[in-house]
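Protein sequences, first through last, are from chains C and B.
Using our numbering, the letters of the first sequence correspond one by one to residues 165 to 346.
Using our numbering, the letters of the second sequence correspond one by one to residues -1 to 707.
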Amino acid sequence: MKTDHTSEVTLRINGTEEKVLVDHRVTLLDLLRDRLGLTGTKKGCDHGQCGACTVLLNGRRANSCLKLAVAAEGATVVTIEGVADLTEGDGLHPLQEAFVANDAMQCGYCTPGQICSALGALAEADAGWPSHVTPDVTAGVKSASELGAEEIRERMSGNLCRCGAYHGIVAAITQVASGSNR
Amino acid sequence: MTSVGTPLERQDARAKVTGTATYAYEHRVEGVLYAWPVTSTVAKGRVVDIDMDSAMATPGVVAVLHADNAARLETNIDLGPVQQASVPELFVLQSKKIAYRGQIVAAVIASSAEAAREGAEKLVVHCEEQAHDVVFRARDPRAYVPSVLGDLGPGNVNRGDADAALEAAEVVVDVAYSTPAQLPHPMEPHSTLASWTEGRLTLYSSEQGPSNTSQAFAALLAMDADDVEVVCDYVGGGFGAKAAPRPPAVLAVLAAKLVGRPVKVAWNRRLMTAHATYRSPTAQRIRLGADGQGKLSAIVHEAQHMTSALSDYVDQTASSARMMYAAEHARTTATAVRLDVPSAGWMRGPGETPGMFGLECAMDELAHRLDLDPIELRIRNEPEVDPSDGKPFSSRNLVACLQTGAEQFGWVSRDRRPGTRRHGRWLVGTGVAASRYPVFTVPSRASATAETDGTFTVAIGAVDIGTGSRTVLAQIAADALEVPVARVRLDLGRASYSAAAFAGASLGTASWGWAVDKAGRVLRDRLRDGAPLGTTVDVDTTEEVSAMRDVSRNAYGAQFAEVKVDAVTGQIRVERMLGVFAAGRIINPRTARSQLIGGMIMGIGGTLMEAADIDETFGDFVQSDLAGYHFPTHADIGDIDVVMLPETDDELSPVGGKGIGEIGVVGAAAAVANAVHHATGRRFRDLPLRLEDLRNASPASMSLHQSLR
Ligand code: FES
Ligand code: FES
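Rendered as structure tokens:
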């Protein structure tokens, strides 16, 4: 029921429609973590400064701590819990497998955000988007498969990892970017 | 069948990439409430009155916790020499006195985190303010010599007559270095869910030591440690910040006690800046005396720190200087100035990190003065026994690290002249520094059970804060039991599993591993002697640890850095870095590599960006979030590689490892700073090396800079 402080919103989260009554102060991040039990999305700063809360919002990566849940009416959200379902088959998503294979984590707290952010970054590159280090910004890039380490580092710099797992993360993303198994 | 030494996949990697690894805040209990703290806005004074009406009128608010209604904690507690320094910070809301800005003065408890926070904003706390003193200045005449430092050694250590030796030395390097306060900022903020049931307390908490935390709360609450369970299934990094329980956990416990319901707290970055400890700033002076061939006769290392009104904790910043090199005369002195600031504490490689920055830069300065290769200088001063106490080294492979690194890094063909290499607008240089971290071993208990299905369960009150302990302990257990690792279930992360060491001081694997190894072997032997499935053995390594011989145990390393410095903007990029480490047996080269590289990256952060400055007016740190306090992100990090030298050392725990959690940070800053000197021809002795300092330096070699001005 809608009040001055609450509204009902409907979101599609990992393929399931969720109708929830939300306090207007609640961020999408807290909706996921505190109300829906989807704690795979992490809170590192609550200020848009670390990327731990990254989800795919309507297909694009977004810091869920910066989005009020009430403003996400009708949105489609993919969280780390839904990433494996983005590909066919029962196993993990190839990017998740690549993170495991490259030991692209230590404590794991930034990991869900890194993975969601990387999926968003690869999609951006496939759409031709340039980054700060793209040689010709107007031409952009042809696809994610041409991203080298420097491009990946630049595009992933919104995701902090205090454990310093960058080496493995970049290796994992490079592997998937250059492969055909996305 | 040996699992130890193989690059086994991180056992919890799949849980981490799927979001199913459960961290403290993510545990769920019925009827949970949320607490949000109110903190002091003055640096010194006392709380005189709290106006609670509008906070209590906020929808969802259940209670206000403050000094008059908070449960009384035991004040006279002894947590042992290592943890004791953290005790004063635990007396949350036990008095109305304010010792630093950001101290918890009240908390609001509500049915949602949002309501608690709104209530906290509406709470009006009236404070009486007193003049504060928060400015850290080098050579402060009030500096005192603490009787004991973080490494439990004394503040001042003297051998021979260093002053006379300096007087007589052919060459003297006399230099001052400074390092800023630095913040650990693990990615998972401190969080605790406290739940009381029938007189027992369960804490789901983000801690580096479930056992220690249980013991600390048992002491504070005058309870039996068996009645305080601490659950740390997954911990999102620690770096010292969680090596002892901190105020947020105490707040959760006091709040839960007040309302008789479970309470969750999660800190934000501003609160972490005040309560999660920091590395003390240092003001250092180093004097090296040597002959014309570079043979050292004297080393004097003085380092000033800051302490708080609450805590006497002081890093062992100068301790490495008395044992790294063979100088007959040495004096190392750590001092501290007491200020009205938040309390300093452990941060990854405490003491060794800032101290080896100074010492290893000074060694580079000496090499430069003598026109000697800095690796050759170190080799000429390689000691046979530990110079600080004459004890034999259990093993010391610093020279091998330097030489292997020199070969792999391409050091051999290096042109020593500084400020002479240029690629377009970039000045290029390389640098080297030594690393060292002491080996500690702490008694632990563990149990092992032969399950009826042919598997084994090994349980220990250890914790995996991202180091890979869940993986390496399973490997150690499998080898001890002589079974494949797939048949071992390794349970850790709960105080109730056993009394065990904490994850700090790089001692986890050696200390826990010893207990796990022993439990595995004892159980294996029992089964061979006919014990039935279902048998559980419980072991303790106290006897073995105290029987260790009295020798000098340290891990060593050599770090190499190549930097480029923009001649126009002064921007520094670390192009590549190589760390070569001799740290005993490596249990799992895959997780070890990640941990060592992670340390080096934190070292780069400490060199180029990490700094927290005290605001003179307010008295707390200016950089109170991740937009202000910078640490490296993807784009800051170039090529990094690690070599782990094979090393056998029979004087260690049977695990054979020396610990690798911290040595990666130690020496990294000096390697980078020495490379910056090599690139620019200028010495920068104050961390972090900021581009504005480099830009303003305008060395002769920065001709492009000149011409564009
Ligand atoms: S939690 Fe959202 S960016 Fe840090
Ligand atoms: S793995 Fe710990 S913060 Fe990235």
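Positions of the beta carbon are idealized from the N, C-alpha and C atoms, including for glycine.
In this text the structure is predicted, and so the values were computed from the model without any measurement.
ask   = For B/A501, which option in B/K240, B/I284, B/E127 has the closest C-alpha, if you only look at C-alpha atoms?
value = B/K240
request  = Report the three-state DSSP secondary structure of B/C710 (helix, strand or coil).
outcome  = Residue 710 of chain B falls outside the range modelled here, since chain B spans only -1 to 707, and no answer is possible.
task = Report yes if the C-beta distance between B/A687 and B/V640 is below 8 Å; otherwise report no.
result = Per the sequence shown, the amino acid found at residue 687 of chain B is Leu instead of Ala. In this structure, B/V640 does not lie closer than 8 Å to B/L687 by Cβ.
task = Would you list, in sequence order, the uninterrupted beta strand (DSSP E) runs of no fewer than 3 residues that lie entirely inside the segment 498 to 548 of chain B?
result = 534 to 538
query = In whole angstroms, what separates the C-alpha of B/D691 from that of B/G568?
reply = Roughly 8 Å between the two C-alpha positions.
Closest Cα partner of B/R680 within the set B/A83, B/L425, B/E227, B/G506 = Nearest C-alpha to B/R680: B/L425.
query = Would you say the beta carbon of C/Q213 comes nearer than 7 Å to a heavy atom of ligand 1?
reply = Correct: C/Q213 has its Cβ closer than 7 Å to ligand 1.
B/R707 (DSSP reduced to helix, strand or coil) = For B/R707, the pLDDT reaches just 35, beneath the cut-off of 50, and the residue's location in the model is therefore unreliable, although a value from the coordinates is still provided. In this structure, B/R707 counts as coil in the three-state DSSP scheme.
query = Going by C-alpha distance, which of B/A484, B/T428, B/L364, B/A493 is nearest B/S167?
reply = Note that residue 167 of chain B is Ala in the sequence shown, not Ser. The option with the nearest alpha carbon to B/A167 is B/L364.
Cβ-Cβ separation, C/C229 to C/D210 (assumed contact under 8 Å), whole Å = 5 Å
query = Between C/D210 and ligand 1, is the CB less than 7 Å from at least one heavy atom?
reply = yes
request  = Put B/G655 into one of helix, strand or coil per three-state DSSP.
outcome  = Look at B/G655 here: in three-state DSSP terms it is strand.
inquiry  = Residues in the same chain with beta-carbon distance under 7 Å from B/L121, minus the five sequence neighbours each way, listed in chain order, please.
reply    = V36, I48, M50, A53, V62, A104, V106
inquiry  = With a threshold of 8 Å between beta carbons, is B/N458 in contact with chain C?
reply    = Correcting the residue identity first, residue 458 of chain B is Ile in this sequence and not Asn. Cβ-Cβ to chain C under 8 Å: no for B/I458.
message = Check whether the segment 426 to 437 of chain B and the segment 231 to 244 of chain C touch, using three or more Cβ-Cβ pairs below 8 Å as the test.
response = Here the segment 426 to 437 of chain B does not lie against the segment 231 to 244 of chain C, with fewer than 3 beta-carbon pairs under 8 Å apart.
query = According to DSSP, is B/P178 helix, strand or coil?
reply = coil
key: For B/Y32, the residue or residues it bridges with in DSSP   = B/A108, B/K262
ask   = Of all the residues that make up the segment 4 to 21 of chain B, which are near chain C by a beta-carbon distance shorter than 8 Å?
value = Taking 8 Å as the Cβ-Cβ cut-off against chain C, the residues of the segment 4 to 21 of chain B that qualify are E7, R8, D10, A11, R12, A13, K14, V15, T16, G17, T18, A19, T20, Y21.
Same chain, Cβ closer than 6 Å to B/A192, five either side skipped, listed in chain order = L201, A250, V251, A254, V261
query = Excluding five sequence neighbours on each side, which residues of the same chain lie with their C-beta closer than 6 Å to the C-beta of B/T333?
reply = A141, V143, Q302
key: Proximal chain D residues relative to B/H183, where beta-carbon distance stays under 8 Å   = No chain D appears in this structure, whose protein chains are C and B.
inquiry  = Suppose contacts are defined by Cβ-Cβ distances below 8 Å. Is B/G596 in contact with C/Q278 by that definition?
reply    = no
ask   = Once you ignore the five residues that flank B/Q291 on each side, which residues in its own chain have a CB closer than 6 Å to its CB?
value = none
request  = Could you tell me which residues DSSP pairs with C/L232 in its beta bridges?
outcome  = C/T191.
inquiry  = Just to make sure I have the definition right: I need the residues of chain C whose C-beta is within less than 9 Å of the C-beta of B/M600. Which are they?
reply    = R326, C327, G328
ask   = Going straight from the alpha carbon of B/D387 to that of B/P381, what length do you get?
value = 12 Å
task = With a 10 Å radius around its C-beta and 16 neighbouring C-beta atoms as the bar for buried, classify B/G408 as buried or exposed.
result = exposed
inquiry  = Can you confirm whether C/E315, when its beta carbon is compared against all beta carbons of chain B, has any partner nearer than 8 Å?
reply    = Judged by the 8 Å Cβ criterion, C/E315 is not in contact with chain B.
request  = Mind checking the segment 103 to 119 of chain B against chain C and listing, in chain order, the residues whose C-beta falls within less than 9 Å of any C-beta there?
outcome  = S110, A111, E112, A113, R115, E116
ask   = Between the beta-carbon of B/P245 and the beta-carbon of B/A179, is there less than 8 Å?
value = no
key: Residue closest to B/S392, alpha-carbon to alpha-carbon, out of B/R415, B/F438, B/R367   = Cα-wise, what sits closest to B/S392 is B/F438.
inquiry  = Using only CA atoms, which one of B/D538, B/L624, B/E649 lies nearest to B/G582?
reply    = B/E649
query = Going by the C-beta, is C/K207 closer than 7 Å to any heavy atom of ligand 1?
reply = Within the chosen limit of 7 Å, ligand 1 reaches the beta carbon of C/K207 through at least one heavy atom.
message = Tell me whether C/L192, by its Cβ, gets closer than 7 Å to a heavy atom of ligand 1.
response = no
inquiry  = By alpha-carbon positions, which one of B/L624, B/S445, B/G238 ends up nearest to B/R346?
reply    = B/G238
message = Does any residue of chain C have a CB that is nearer than 8 Å to the CB of B/N733?
response = There is no way to answer for residue 733 of chain B, as the model of chain B reaches only from -1 to 707.
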